[in-house]
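Numbering (my numbering), first residue to last: 10 to 311. From the three backbone atoms N, C-alpha and C, an ideal C-beta is built for every residue, glycine too. As structure tokens, the structure follows; a few thoughts come after it.
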Amino acid sequence: MNKVVLSPSETQAITLACGKAKCTLTALVNSIMILADVERALSTLYADAKMQDSRSQSQPSQTLSTLVEENWHKSEVWLVPANPVDMRRFVWPQAQVLHGPTTTSGGLVNLLVQSYHSMDVIRKCISFEGGKIHRSWYDNPTFFWDHMVKDTQVILKACGKQLPHAYHQSVVMSETLVSTLDNSAAASLPNIPGIVSSSLGNLERLGVYIDFSPLAQKSKVGTDAEPPFLIQNVGYSGRGHHSPITVGIVSEYNSHLVLTFMASKNNQTVEGWASFDQAVRDGFKQIIQGVLAKEATKAVKL
């Protein structure tokens, strides 16, 4: 499990970037994670292909590493195995509430919907030649904002348009499958490599941990009413040792944007995980630096 925690100023920069692009935080985070997933797959596949090429006793007309590059250019879509869709509004009203004795956890009222993302859009953001990955969107941010993020937002919006019968179908299917699954959370995840990203939003706004939030309890700090215990930061974890899925959960708490992502060591390489982790961190850093640079330019002009 790895965690990215942004400072309040960095969090504000991300919020500003989403506002200017008229996109949701979920669309932004998903876009970053999809590109990171692509980089991980390319680097891992190419390294494996080169190793197998070097072990080959014969001289094939086409090496495996060449095939990796060819398929990169030919591929049409990138699969996200599951996008959580909140179906809470379709359950009994008393069970829709987030707090109280009748609340229903998100895992019971979410659908997991696959999505397919255009490789033409992804190839605008990333180039791959000779085993080398280049992040083209760093040179031209419009590739990311006007293509990748917009495409992701359109897809997520379409995924969210699920009718009530989809929830009821999922309930029937779940009742049928439950006896065949073990009791780990990973058993409910798709057995396909890829990402699953979920955005919880602003936790204080949801009323979560407000009794322990330094931000929510700010007016009480230094007084007799100051809470005896405050939580400065949050993170999320889950067991996924049987699943090839990488799960990302993003939220905002105490003015900090927090992205926790986790995956099974049994289903990926150390190098692949390091590649994914670095690509995610670099993506956030690139966006934040772009926002801060623009704001600094505006301040100079004023």
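Please identify the residue among Val47, Thr53, Met182 and Asp233 whose C-alpha is closest to the C-alpha of Val89. Translated into the one-based positions of the sequence shown, residue 89 becomes position 80. Cα-wise, what sits closest to Val89 is Val47.
Within this structure, are the beta carbons of Ser127 and Asp160 separated by less than 8 angstroms? Locating residue 127 in the sequence shown gives position 118, where the first residue counts as 1. Locating residue 160 in the sequence shown gives position 151, where the first residue counts as 1. Taking 8 angstroms as the Cβ cut-off, Ser127 and Asp160 qualify as a contacting pair.
Quick one: what's Pro93 bridged to in DSSP? Taking the sequence shown and counting its residues from 1, the one referred to as residue 93 is at position 84. Pro93 pairs with Leu121.
DSSP three-state call for Thr33: helix, strand or coil? As a first step, residue 33 is located in the sequence shown; it is residue number 24 there, counting from the start. Of the three classes helix, strand and coil, the one that applies to Thr33 here is coil, per DSSP.
Counting only beta-carbon separations shorter than 8 angstroms, does Val267 have a partner in chain C? Within the model displayed, chain C is absent; a lone protein chain is all it includes.
Report the three-state DSSP secondary structure of Ser273 (helix, strand or coil). To locate residue 273, count along the sequence shown from 1; it is residue 264. Note: Ser273 maps to coil in three-state DSSP.
Quick check on DSSP: helix, strand or coil for Ile219? Here the question's residue 219 lines up with position 210 in the sequence shown. Ile219 falls in the coil class under three-state DSSP.
Classify Ser183: buried if its beta carbon has 16 or more other beta carbons within 10 angstroms, exposed otherwise. Position 174 of the sequence shown, counting from 1, holds the residue named residue 183. Classification for Ser183: exposed.
Selection from Lys141, Asn211, Cys134 and Ser16 that minimises the alpha carbon distance to Asp262: Translated into positions along the sequence shown, residue 262 becomes position 253. Rather than Asp, the amino acid found at residue 262 in this sequence is Tyr. Ranking the options by Cα distance to Tyr262, first place goes to Asn211.
Closest by C-alpha distance to Val130, when choosing among Gln123, Ser145 and Lys59: Start at 1 with the first residue of the sequence shown, and residue 130 comes out as number 121. When only C-alpha atoms are compared, the closest one is Ser145.
Ile240, DSSP secondary structure in three states: For the purposes of this step, residue 240 is taken as residue 231 along the sequence shown, with counting starting at 1. Of the three classes helix, strand and coil, the one that applies to Ile240 here is coil, per DSSP.
Of the choices Val38, Ala91 and Gly28, whose alpha-carbon is the least far from that of Pro202? Against the sequence shown, residue 202 aligns to sequence position 193. Pro202 has its Cα closest to that of Ala91, out of Val38, Ala91 and Gly28.
What's the call for Arg49, buried or exposed, on a 16-neighbour Cβ count within 10 Å? Here residue 49 corresponds to residue number 40 of the sequence shown, with the count starting at 1. Answer is buried; the Cβ neighbour count reaches 16.
Leu301 versus Ser124: straight-line alpha-carbon distance, rounded: For this step, residue 301 is matched to residue 292 along the sequence shown. For this step, residue 124 is matched to residue 115 along the sequence shown. Each residue's Cα considered, the two are about 32 angstroms apart.
Phe293 and Val14: beta carbons closer than 8 angstroms? For the purposes of this step, residue 293 is taken as residue 284 along the sequence shown, with counting starting at 1. For the purposes of this step, residue 14 is taken as residue 5 along the sequence shown, with counting starting at 1. It is not a contact, given that the beta carbons lie outside the stated cut-off.
In angstroms with no decimal places, state the Cα-to-Cα distance between Lys307 and Gln295. The count along the sequence shown starts at 1 and reaches residue 307 at position 298. The count along the sequence shown starts at 1 and reaches residue 295 at position 286. Roughly 19 angstroms separates the two Cα atoms.
Can you pull the DSSP bridge partners for Asn3? Missing from the structure shown is residue 3; the chain here goes from 10 to 311 and no further.
Residues sharing a beta bridge with Arg144, DSSP: Position 135 of the sequence shown holds residue 144. Its beta-bridge partners are Ile135.
For Val77, which residues from the same chain have a beta carbon less than 8 angstroms from its beta carbon, with the 5 sequence-adjacent residues on both sides left out? By one-based count along the sequence shown, residue 77 stands at place 68. Answer for Val77: Leu51, Leu54, Tyr55 and Ala58, listed in chain order.
Same chain only: Cβ atoms within 6 angstroms of Val205, ignoring 5 sequence neighbours per side: Looking up residue 205 in the sequence shown gives position 196. Ala91, Ile254 and Val256.
Decide if Gln219 is buried, meaning its Cβ has at least 16 other Cβ atoms within 10 Å, or exposed. The residue labelled residue 219 in the question sits at position 210 within the sequence shown. The question names Gln, but residue 219 is Ile in the sequence shown. Per the 10 Å Cβ criterion, exposed.
By the three-class DSSP mapping on this structure, what secondary structure does His174 have? Along the sequence shown, one-based indexing puts residue 174 at 165. His174: helix per DSSP, three-state reduction.
Cβ neighbours of Tyr147 in the same chain (closer than 7 angstroms, five flanking residues each side left out): In the sequence shown, the residue the question calls residue 147 occupies position 138. Gln295.
Extent of the continuous alpha helix (DSSP H) run through Gly169: The residue given as residue 169 occupies position 160 in the sequence shown. Lys159 to Gly169 is the span of the alpha helix (DSSP H), which, as asked, contains Gly169.
Per-residue burial, Gly281 [other beta carbons within 10 Å of its own, 16 or more giving buried]: Translated into positions along the sequence shown, residue 281 becomes position 272. With 16 or more Cβ atoms within 10 Å of its Cβ, Gly281 is classed as buried.
Classify Pro93 as buried or exposed, calling it buried when 16 or more other Cβ atoms lie within 10 Å of its own Cβ. Working through the sequence shown from its first residue, we reach residue 93 at position 84. Counting Cβ neighbours within 10 Å, Pro93 comes out buried, since at least 16 surround it.
Report buried or exposed for Phe270, applying the criterion of at least 16 other Cβ atoms within 10 angstroms of its Cβ. The residue given as residue 270 occupies position 261 in the sequence shown. With 16 or more other Cβ atoms within 10 Å, it is buried.
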